[in-house]
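Here is the structure we will look at.
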Amino acid sequence: MDSMVISQLIEIAGEEFVSTRDDVLVAYSSSASMAKKPVKPGAVVKPETSEEVASILKIANKRKIDVTIRAGGTSLQGEVIPKPDGLVVELMRMNEIKLFKELRSVTVGAGVTYGQLDKFLEAHGLWVPVMPESALGCTVAGNVAVNGAGPGSSLFGSTGEMVIGLEIVLPNSEMIQTGTEANPHAPGPFFRYAFGPDITGLFIGSLGSLGVITKVSLKVFKRMEHFDYNTYGFDSHDAAEKFLMELKKNDVNMVFASLYEGPVLELFMDMLGDEYGIPPMEWPERTISMSIGRVRKDMLESDAKLARNLCEKLGGKVFGIKELPAGEWDGRLWTFIRACYAHGWHWRTLYHHQTPTNAHRSVEEISKVMDKYGFLGHTAGFVTGHASTNMYPHLYFDPVDSEDEEKIVAAHDELASTLYKTGAVPFKLAPFWEGLMEGTETYMEFLRQLKNAIDPNDIMNKGVMGGI
Ligand SMILES: Cc1cc2nc3c(=O)[nH]c(=O)nc-3n(C[C@H](O)[C@H](O)[C@H](O)COP(=O)(O)OP(=O)(O)OC[C@H]3O[C@@H](n4cnc5c(N)ncnc54)[C@H](O)[C@@H]3O)c2cc1C
-1 MDSMVISQLI EIAGEEFVST RDDVLVAYSS SASMAKKPVK PGAVVKPETS
49 EEVASILKIA NKRKIDVTIR AGGTSLQGEV IPKPDGLVVE LMRMNEIKLF
99 KELRSVTVGA GVTYGQLDKF LEAHGLWVPV MPESALGCTV AGNVAVNGAG
149 PGSSLFGSTG EMVIGLEIVL PNSEMIQTGT EANPHAPGPF FRYAFGPDIT
199 GLFIGSLGSL GVITKVSLKV FKRMEHFDYN TYGFDSHDAA EKFLMELKKN
249 DVNMVFASLY EGPVLELFMD MLGDEYGIPP MEWPERTISM SIGRVRKDML
299 ESDAKLARNL CEKLGGKVFG IKELPAGEWD GRLWTFIRAC YAHGWHWRTL
349 YHHQTPTNAH RSVEEISKVM DKYGFLGHTA GFVTGHASTN MYPHLYFDPV
399 DSEDEEKIVA AHDELASTLY KTGAVPFKLA PFWEGLMEGT ETYMEFLRQL
449 KNAIDPNDIM NKGVMGGI
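Under my numbering, the sequence shown has 455 at position 457, and the numbering climbs by one with no breaks.
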């Protein structure tokens, strides 16, 4: 990268926070995503304030330098892989947390992880109840940028539902604030839908291609203290899906309900079973691992009883294995990270949403692709919000086998296209879906025009948002 640009970056962020050292560039060339080859950037800069971010973007815009915004680097679909000789702007130093107790809201800087936020809020008896499974390493702003979801979503919906307002630095270096805080006299964040259209929503899921989210304001809730953990087995996907719908209809407060096929649970238990004290067993066709949570104990008891009754009414079996849902819920800050990487495999994933009655279609489609291409794979999912099941199919491959690598791309494209035809929708519009969502041409063109209007020099995360 041009030495003049480096000097300007040093002037903004300080010498310690700008690097062109090869080992540093190598570290920033990849992410948790094993699906994309590493690309070395030209420099890394780590701003501390929104003003520094604005000054950096001003230079990048003027010099038309490709910018990749990076936070925890835990994204899985290649969203944070830089451009050759581009600039990585890493936001982890922006770690301020401000609580507005009486407004039931909190504002966090772009570098605050869920782990940090949860620890802070716990001391006040509060929480933000939706977290991704990567909560320890990923930032709140990063999860907003990818349109995330995770434990807590079964009751409270996606991460976006928690957001009240954003502070954003636009590619032209101008700064905007959305939600009630756009009024400089507002005492803090208290409502999102202010000042006309939902500009907050435009940046949720924008994958760092429309601007930098420098602060996120979120709803906070009284922390639940009463939980019921249980597992429920069904001999058919149909009965398992009906069970989940009945729970929703009856307002059972499932904070997290995961849906597994038998062989997938065997695979997971092979990694975690001993530690959890779950003996080897034959898992049924479908297992639902569920945490019910309530602020009040009497309500919890009533919900737990109803869940057991509904399960039995639908021909299911209440297993009473608590360790699995408890591990998913209480241990969500670390359980999944290890489980995903335990065997040292490489995998590609295609996050998507299915309707509650269609989760099995994701299982069927990945099975067909596994058979056709000879890959190992699986899919699991969890209930998300009002009427959706969030599915995450994985295809495993051998990264040192170049033939395997070529085949995995073809298999993945085929999977994206067939999943889409089952009615599934991507909730992270990563490049994996590019050109595979027929019927969305006008929508995608509109998105392209929006990107052009906001980022006319196309410096921000080019090609990442569904190829835009
Ligand atoms: C084991 C494991 C489990 C996971 N489970 C889940 C899960 O349950 N739910 C889920 O949603 N995801 C999950 N993920 C994926 C990943 O955690 C999320 O994508 C996460 O939110 C990314 O946050 P991050 O801070 O690591 O962002 P990064 O990976 O650094 O960036 C992600 C994207 O957001 C952009 N970005 C980051 N910060 C900003 C910002 N402040 N402003 C603008 N753009 C920004 C980047 O440019 C990039 O496009 C999982 C990942 C792993 C490794």
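No residue lacks a Cβ here, since even glycine has one placed at the ideal position from N, Cα and C.
Thinking C-alpha only, which one of Gly71, Gly271, Tyr394, Gly231 is nearest Lys318? Residue identity check: residue 318 is Gly in the sequence provided, not Lys. Minimum Cα distance to Gly318 is reached at Gly231.
Less than 8 Å separating the beta-carbons of Val138 and Leu208? no
With distances taken between CB atoms, is the gap from Phe225 to Ile276 smaller than 8 Å? no
Find the nearest neighbour of Ser152 within the set Ile166, Asn450, Asp272, Met389, judged by alpha-carbon distance. Met389
With burial defined as no fewer than 16 other Cβ atoms inside 10 Å of the residue's Cβ, what is the status of Lys426: buried or exposed? buried
Ligand 1 and Gly199: does any heavy atom of the ligand fall closer than 7 Å to the residue's C-beta? no
For Val104, which residues from the same chain have a beta carbon less than 6 Å from its beta carbon, with the 5 sequence-adjacent residues on both sides left out? Leu97, Leu216, Val218
The beta strand (DSSP E) enclosing Tyr26, as first and last residue numbers: Neither: Tyr26 is in no beta strand (DSSP E) and is coded neither H nor E.
Along the chain, where does the beta strand (DSSP E) containing Asp83 start, and where does it finish? Premise fails: Asp83 is in no beta strand (DSSP E) and is neither H nor E.
Report all residues from its chain with a CB closer than 7 Å to the CB of Arg306; omit the five preceding and five following residues, and keep chain order. Val316
Kindly list the residues whose CB is nearer than 8 Å to the CB of Glu436, restricted to its own chain and excluding five residues on each side of it in sequence; keep chain order. Tyr418
Helix, strand or coil: how does DSSP classify Ile197 here? helix
CB of Ile211 to nearest heavy atom of ligand 1: below 7 Å? yes
Any heavy atom of ligand 1 closer than 7 Å to the Cβ of Asn488? Since the first residue of the chain shown is -1 and the last is 466, residue 488 is not available in this structure.
With DSSP collapsed to three states, give me the class of Thr72. coil
Rounded to a whole number of angstroms, what is the C-alpha to C-alpha distance between Val250 and Glu259? 23 Å
Taking the Cβ atom as the reference point for each residue, do Glu244 and Leu298 lie within a distance shorter than 8 Å? no
I'd like to confirm something about Ala470: is its beta-carbon nearer than 7 Å to some heavy atom of ligand 1, or not? With the chain covering only -1 through 466, there is no way to say anything about residue 470.
If you draw a straight line from the alpha carbon of Lys320 to that of Met252, how long is it in whole angstroms? 14 Å
Check: Pro391 C-beta below 7 Å from any heavy atom of ligand 1: no
Who are the near neighbours of Ala490 in its chain, counting only those whose CB is closer than 7 Å to its CB and skipping five residues on each side? Nothing can be reported for residue 490, as the shown portion of the chain is limited to -1 through 466.
Taking 7 Å as the cut-off, is the CB of Ile67 close to at least one heavy atom of ligand 1? yes
Endpoints, alpha helix (DSSP H) assigned at Gly325: 321 to 328
Pop quiz: Pro149 and Glu131 are said to be a contact at Cβ under 8 Å. What is the actual Cβ separation, rounded to whole angstroms? 7 Å
Trp281, DSSP secondary structure in three states: coil
How would you call Phe430, buried or exposed, if buried means at least 16 neighbouring beta carbons within 10 angstroms? buried
By a C-beta neighbour count over all protein chains shown, 10 Å radius and 16 as the cutoff for buried, is Gln468 buried or exposed? Here the chain comprises residues numbered -1 to 466, so residue 468 is not present and cannot be evaluated.
Where Ala108 falls, given that 16 or more other Cβ within 10 Å makes a residue buried: buried
According to DSSP, is His469 part of a helix, a strand, or is it coil? With the chain represented from -1 up to 466, any question about residue 469 goes unanswered, as that position is not in the structure.
For Ser17, which of helix, strand or coil comes out of DSSP? strand
Just to confirm the assignment, what range does the beta strand (DSSP E) spanning Val43 have? 41 to 43
With a cut-off of 8 Å on the beta carbons, I'd call Thr198 and Thr176 a contact; round off their distance for me. 4 Å
Span separating the alpha-carbon of Ala428 from that of Asp296: 43 Å
Any heavy atom of ligand 1 closer than 7 Å to the Cβ of Gly146? yes
Under a CB-based cut-off of 8 Å, is Thr377 close to chain C? Annotation note: the requested chain C is absent from the structure, which comprises a single protein chain.
Could you check the C-alpha separation between Glu273 and Leu393 for me, to the nearest Å? 26 Å
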